[in-house]
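*Asks:* Protein chains in written order, with this note's numbering: chain C, 126 to 432; chain S, 177 to 457.
Here a beta-carbon is modelled for each residue, glycine too, at the ideal position from N, C-alpha and C.
Just so we're clear, the structure is a prediction, and the values are computed from it rather than from any experiment.
Sharing a structure here in structure tokens format.
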């Protein structure tokens, strides 16, 4: 039995029409597609932007009467900009939803209050929207850092995106307002294996970054004088010198941020993040302490001795 | 006159290791590489190094190796099963040549294995001793059917070899973790199977007469239901089996195994939950 998060399930929304088009970026999301589109049934203009799915995502989206477009994926920022520039949405306001995310009824009501039924009232360029991370049928209220905002509702003439790290950031000269009501994020919908594999890749990436930063060697300079992005990276890199970093991260998330209040799912989430931190830490050690070379030398000695 | 031993090396994409493995194994006998349709040129590298290569589509580890035992054109009386990341030391080679002649009554031998990790030989923490039945008289042993961590069943009498082979870990940590994730997926499938298949162990009255069955019961019925498994796994390896004597290598191996245990549990819970949801839609 799923806990109630006021998720729109296609039947429980009875409000007026909403002057917003929905854009969903997908790639191989066949398992998520039906539920995601069901949560968009309040919308009269749903677009799915695919980047080369091979698992039937596109067919499912079509059969559920979404408009399907296709563009090869380069980065999140570029893909979102393509949606803004090339998808002929019926409304000027686009809501960017991911396939593992769902609309909630309170969020829709709040959007309506903001935009008015004809979409003319809002003078904002875009809106930051919070999301609830759902894990093991529970909202990770404390451990997943709620509310973490992302710009998801935007006026297509007033806002674009730029790439930052492996995510994106809004680019606008207008006013970015903030909504209070969240959408739902089923961040584990593709299963545990997928999550572990993804974080194995992320820790490759993180440890690589940290090693490069370490070799560059101006950590202190970056921290004291660098621009905000470089400073954040330098501080992060420096933090990898900390002994038992993964344990500290766990203690911080579970006790200090209140992960324990999220009960079982909170504990598991904190442990998984700590595990991911440990992998990153160990990969940095692997890069700095020459394990492979030492192994080979030892092996040569053992295989060539005449006993 | 030494007795002829054939070496079977099962492979899948082992281009980085295979040439050296074949060269090392050829010092003991003829080498047969059973390849699961590698795409990185393992086959040619093995041939160049002097092995006979046969390709066969992989189903699972036990089936693949049993197929190899049945179908490869072995000529020796004995077979040694070696992985691409394992090496036979000079001392082990000498022992094999000597004991096969001296003990004609035996049908198989367990071989011990030492791991090289972080530039050290790992001697504790349950990774050593690690006895596997790898050397046996052709036709006297087969793999028991299991999707991962398969075991060999051999007819008696069997004995233990005194010297160890080496287990290398040349792969990066990233690949090592990817492997663990894959194994955890397979292992959790087994757990789900055991979860719905209690009959076998519970109904048996001979349970406590047979040590192997007790072990199976602990492994299959009790262990998956224990709380805090990753912690116990760590304590078991690091404290009880003296992993701490291996220094940093022991510490990290124990922690990595604890991660592995955690991932099995996480996937197991997820799979059970999915089965439950399918039953009550």
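Looking only at its chain, what residues have a beta carbon closer than 7 Å to the beta carbon of residue 409 of chain C, apart from the 5 residues adjacent to it on each side?
*Replies:* Stepping through the first chain from its first residue, residue 409 of chain C is reached at position 284. The residues are 332, 335, 336 and 365.
*Asks:* I need the DSSP call for residue 292 of chain C, collapsed to helix, strand or coil.
*Replies:* What you label residue 292 of chain C is simply residue 167 of the first chain in a count that begins at 1. In the structure shown, residue 292 of chain C sits in a strand (DSSP, three-state: E or B).
*Asks:* Please compile the residues from chain C whose C-beta is within a distance smaller than 9 Å of the C-beta of residue 297 of chain S.
*Replies:* On the second chain, position 121 is the one that residue 297 of chain S refers to. Those are 423 and 427, listed as they occur along chain C.
*Asks:* What ranges does the beta strand (DSSP E) occupy inside the stretch 227 to 287 of chain S, keeping only unbroken runs of at least 3 residues that lie completely in it?
*Replies:* 228 to 231 and 254 to 257
*Asks:* Chain S beta carbons: is any one of them nearer than 8 Å to that of residue 408 of chain C?
*Replies:* In the first chain, counting from the first residue as 1, residue 408 of chain C sits at position 283. Contact with chain S is found for residue 408 of chain C, since one of that chain's Cβ atoms lies less than 8 Å from the residue's Cβ.
*Asks:* Would you call the CB atoms of residue 262 of chain S and residue 342 of chain S closer than 8 Å?
*Replies:* Your numbering for residue 262 of chain S matches position 86 in the second chain. Your numbering for residue 342 of chain S matches position 166 in the second chain. Yes, these two residues count as a Cβ contact at 8 Å.
*Asks:* Is the beta carbon of residue 266 of chain C less than 8 Å from the beta carbon of residue 390 of chain C?
*Replies:* Walking along the first chain from the start, residue 266 of chain C turns up at place 141. Walking along the first chain from the start, residue 390 of chain C turns up at place 265. No, these two residues do not count as a Cβ contact at 8 Å.
*Asks:* Determine the direct distance from the alpha carbon of residue 425 of chain S to that of residue 275 of chain C, and round the result to whole angstroms.
*Replies:* Numbered from its first residue, the first chain carries residue 275 of chain C at position 150. Numbered from its first residue, the second chain carries residue 425 of chain S at position 249. Going by the C-alpha atoms only, they are around 42 Å apart.
*Asks:* Is residue 308 of chain S helix, strand or coil by DSSP?
*Replies:* On the second chain, position 132 is the one that residue 308 of chain S refers to. Residue 308 of chain S: strand per DSSP, three-state reduction.
*Asks:* Please check if any C-beta of chain C sits within less than 8 Å of the C-beta of residue 428 of chain S.
*Replies:* Looking up residue 428 of chain S in the second chain gives position 252. With 8 Å as the cut-off, residue 428 of chain S counts as an interface residue toward chain C.
*Asks:* Residues in its own chain within less than 8 Å of residue 368 of chain S by CB, not counting five upstream and five downstream?
*Replies:* Numbered from 1 along the second chain, position 192 holds the residue referred to as residue 368 of chain S. 444, 447, 448 and 451, listed in sequence order.
*Asks:* Around the C-beta of residue 345 of chain C, are 16 or more other C-beta atoms found within 10 angstroms, so that it is buried, or is it exposed?
*Replies:* As a first step, residue 345 of chain C must be located in the first chain, where it is residue number 220. So residue 345 of chain C ends up on the exposed side.
*Asks:* Can you tell which of S:220, S:211 and S:236 has its C-alpha closest to the C-alpha of residue 230 of chain S?
*Replies:* Locating residue 230 of chain S in the second chain gives position 54, counting from the first residue. Of the candidates S:220, S:211 and S:236, the one whose C-alpha sits nearest the C-alpha of residue 230 of chain S is S:211.
*Asks:* Along chain S, in chain order, which residues have C-beta atoms closer than 8 Å to that of residue 258 of chain C?
*Replies:* Within the first chain, numbered from 1, the residue matching residue 258 of chain C stands at position 133. Going along chain S, no residue has its Cβ under 8 Å from residue 258 of chain C, so there is no contact; the nearest lies around 16 Å.
*Asks:* What do you get for residue 280 of chain S, buried or exposed, if any count of 16 or more other CB atoms within 10 angstroms of its CB means buried?
*Replies:* On the second chain, position 104 is the one that residue 280 of chain S refers to. Residue 280 of chain S should be labelled exposed.
*Asks:* Whole angstroms is fine: what's the gap from residue 301 of chain S's alpha carbon to residue 406 of chain S's?
*Replies:* Residue mapping note: residue 301 of chain S aligns to position 125 of the second chain, counting from 1. Residue mapping note: residue 406 of chain S aligns to position 230 of the second chain, counting from 1. Their backbone Cα atoms lie some 15 Å apart in a straight line.
*Asks:* Does the distance from the C-beta atom of residue 222 of chain C to that of residue 147 of chain C stay below 8 Å?
*Replies:* Here the question's residue 222 of chain C lines up with position 97 in the first chain. Here the question's residue 147 of chain C lines up with position 22 in the first chain. Going by C-beta atoms, residue 222 of chain C is nearer than 8 Å to residue 147 of chain C.
*Asks:* Anything in chain C within Cβ reach of residue 225 of chain S, meaning under 7 Å, just list it in chain order.
*Replies:* For this step, residue 225 of chain S is matched to residue 49 along the second chain. In chain order: nothing, as chain C lies at least about 15 Å away.
*Asks:* With distances taken Cα to Cα, identify the nearest neighbour of residue 416 of chain C among S:285, S:453, S:420 and S:297.
*Replies:* Counting from one through the first chain, the residue named residue 416 of chain C turns up at place 291. When each option's Cα is compared against that of residue 416 of chain C, the closest is S:297.
*Asks:* For residue 149 of chain C, name the three-state secondary structure that DSSP assigns.
*Replies:* What you label residue 149 of chain C is simply residue 24 of the first chain in a count that begins at 1. Looking at residue 149 of chain C - three-state DSSP - the assignment turns out to be strand.
*Asks:* Does the beta-carbon distance from residue 356 of chain S to residue 267 of chain S come in below 8 Å?
*Replies:* Position 180 of the second chain holds residue 356 of chain S. Position 91 of the second chain holds residue 267 of chain S. Their beta carbons are not under 8 Å apart, which means residue 356 of chain S does not touch residue 267 of chain S by this criterion.
*Asks:* Check whether the Cβ of residue 417 of chain C lies closer than 8 Å to any Cβ atom in chain S.
*Replies:* Taking the first chain and counting its residues from 1, the one referred to as residue 417 of chain C is at position 292. Chain S, which has a Cβ nearer than 8 Å to the Cβ of residue 417 of chain C, makes this yes.
*Asks:* Is the shortest distance between the beta-carbon of residue 403 of chain C and the beta-carbons of chain S less than 8 Å?
*Replies:* Numbered from 1 along the first chain, position 278 holds the residue referred to as residue 403 of chain C. Interface residue, yes.
*Asks:* Shorter than 8 Å from the beta carbon of residue 93 of chain C to some beta carbon of chain S?
*Replies:* One cannot answer for residue 93 of chain C here, as it falls past the ends of chain C, which runs 126 to 432.
*Asks:* Residue 329 of chain C CB to nearest chain S CB: under 8 Å?
*Replies:* The residue you call residue 329 of chain C lines up with position 204 of the first chain. So, interface residue.
*Asks:* So, is the C-beta of residue 362 of chain S closer than 8 Å to a C-beta in chain C?
*Replies:* Translated into the one-based positions of the second chain, residue 362 of chain S becomes position 186. Contact with chain C is absent for residue 362 of chain S, since none of that chain's Cβ atoms lies less than 8 Å from the residue's Cβ.
*Asks:* Is the separation between the beta-carbon of residue 310 of chain C and that of residue 226 of chain C shorter than 8 Å?
*Replies:* Looking up residue 310 of chain C in the first chain gives position 185. Looking up residue 226 of chain C in the first chain gives position 101. Yes, these two residues count as a Cβ contact at 8 Å.
*Asks:* Closer than 9 Å between beta carbons: that is the criterion. Which residues of the stretch 302 to 318 of chain C meet it against chain S?
*Replies:* 313, 316, 317 and 318
*Asks:* Answer yes or no: do residue 372 of chain S and residue 334 of chain S have a C-beta to C-beta separation smaller than 8 Å?
*Replies:* Locating residue 372 of chain S in the second chain gives position 196, where the first residue counts as 1. Locating residue 334 of chain S in the second chain gives position 158, where the first residue counts as 1. Not a contact, by the Cβ cut-off of 8 Å.
*Asks:* Please identify the residue among C:174, C:393, C:137 and C:350 whose C-alpha is closest to the C-alpha of residue 158 of chain C.
*Replies:* For the purposes of this step, residue 158 of chain C is identified with residue 33 of the first chain, where counting begins at 1. Residue 158 of chain C has its Cα closest to that of C:174, out of C:174, C:393, C:137 and C:350.
*Asks:* Kindly say whether residue 200 of chain S, judged by its beta-carbon, lies nearer than 8 Å to any beta-carbon of chain C.
*Replies:* If you number the second chain from 1, residue 200 of chain S lands on position 24. Put simply, the CB of residue 200 of chain S is near chain C, with a gap under 8 Å to one of its CB atoms.
*Asks:* Within 8 Å of any Cβ in chain C, is that where the Cβ of residue 194 of chain S sits?
*Replies:* Translated into the one-based positions of the second chain, residue 194 of chain S becomes position 18. Answer no: the Cβ-Cβ gap between residue 194 of chain S and chain C never drops below 8 Å.
*Asks:* Taking all protein chains shown into account, decide if residue 307 of chain C is buried (16 or more other Cβ within 10 angstroms of its Cβ) or exposed.
*Replies:* In the first chain, the residue the question calls residue 307 of chain C occupies position 182. It counts as buried.
*Asks:* By alpha-carbon positions, which one of S:257, S:218 and S:346 ends up nearest to residue 423 of chain C?
*Replies:* On the first chain, residue 423 of chain C is found 298 positions in, with the first residue counted as 1. It is S:346 whose Cα lies nearest to the Cα of residue 423 of chain C.
*Asks:* Please state whether DSSP places residue 371 of chain S in a helix, a strand or coil.
*Replies:* The residue labelled residue 371 of chain S in the question sits at position 195 within the second chain. Note: residue 371 of chain S maps to helix in three-state DSSP.
*Asks:* Along the stretch 385 to 401 of chain C, where does the CB come closer than 8 Å to a CB of chain B? Name the residues.
*Replies:* Although the question refers to chain B, the structure presented lacks it and instead comprises the protein chains C and S.
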